[in-house]
Amino acid sequence: MKVHNVFGPVDIAVSGMRAQGQHMEVISSNIANARTADAGQGQPYRRLETILRAQAEGISPVVVDQVVPDQSPFESIFDPGNPLADPTGNVAMPNVHLPAEMMNLTIASRSYQANAAILKRYQKMVETTLELLR
Amino acid sequence: MINFDPSVRSTLSNVQPSPANPENVGVPKSDFLNAIEAAGRYVSKVDDLQQASDASIQDLLTGKNNDITAVVSAVAKADVSFKVLVGVRNKLIEAYKQTMNMPL
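Read top to bottom, the protein sequences are chains E and C.
So the first sequence is numbered by the numbering used here: it starts at 130 and just counts up by one.
So the second sequence is numbered by the numbering used here: it starts at 12 and just counts up by one.
So this is what it looks like as structure tokens:
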């Protein structure tokens, strides 16, 4: 992608906003499914993680490379009344940790804000340049 | 970009060609006229960006596209290019007015 033009910073900042938006989508899925003991195949919901990647070498926009499942072990809680409980009364629960997700959420929203600030500041810079025409 | 020709004679004779003077017909265009025509050609390009931003807003509102950042990007580009065009236009008109108000 060519970035040596006037709209380079605009494209890059917007790509960052888009990537952080997708990151936030993944986080919201994790939080919404934090107590989903059965995610379809009899297994609890597996936490998802976003992998970001630069689109090219050097100056480049960012893209969401892939969304991968977190392979850490599931939580096990004691709940004998649960129909999904095993003979010992334990139920496997998703490997989602709400405090960690809230931290990720803060990171994503701050990063989104930073990209929006870049966009705003760049527009101000262009306006300053155009002031020279007057 | 604006290569203003300081030569008053060539500029004046072409900016306001008098129809009574047939000598002007074969005279090559002045740099000022070229600058204005160049700005005029950019109008359609700026209009393309405006149309693109309009289309992206419409796509978002009609639900064809859910990407709000694409709208931001398109609108920011259209905004910048339009401001550049207006700046250049103002400068050209200013130059024209200055030339016309020159005491002869």
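All C-beta atoms, glycine included, are put in the ideal place defined by N, C-alpha and C.
Given the structure is predicted, the values throughout are model-derived calculations rather than measurements.
- E:Phe203 and E:Pro173 have their C-alpha atoms roughly 8 Å apart.
- Going by DSSP, E:Met146 is part of the alpha helix (DSSP H) stretching over 137-161.
- Excluding the 5 residues flanking it on each side, C:Ala81 has same chain C-beta neighbours closer than 7 Å at Ser67, in chain order.
- The C-alpha of E:Val191 lies about 27 Å from the C-alpha of E:Asn162.
- Judged by their CB atoms, E:Ile206 and E:Asn219 are nearer to each other than the 8 Å cut-off.
- The Cβ atoms of C:Val99 and C:Ser64 lie no closer than 8 Å to each other.
- Your pair E:Leu262 and C:Lys102 checks out as a contact, with CB atoms roughly 5 Å apart and the cut at 8 Å.
- Interface residue (Cβ-Cβ distance to chain C less than 8 Å): E:Asp140 is classified as such.
- Scanning its chain for C-beta atoms nearer than 8 Å, with the 5 sequence neighbours on each side dropped, one finds around E:Met222 the residues Arg164, Ala166, Pro173, Phe203, Glu204, Ser205, Ile206, in chain order.
- According to DSSP, residue pairing for E:Leu177 in a beta bridge involves E:Pro198.
- Judged by beta-carbon spacing, C:Lys94 lies beyond the 8 Å limit of E:Phe136, meaning their Cβ atoms are not closer than that value.
- Remark: C-beta atoms of E:Gly150 and E:Tyr251 do not approach each other more closely than 8 Å.
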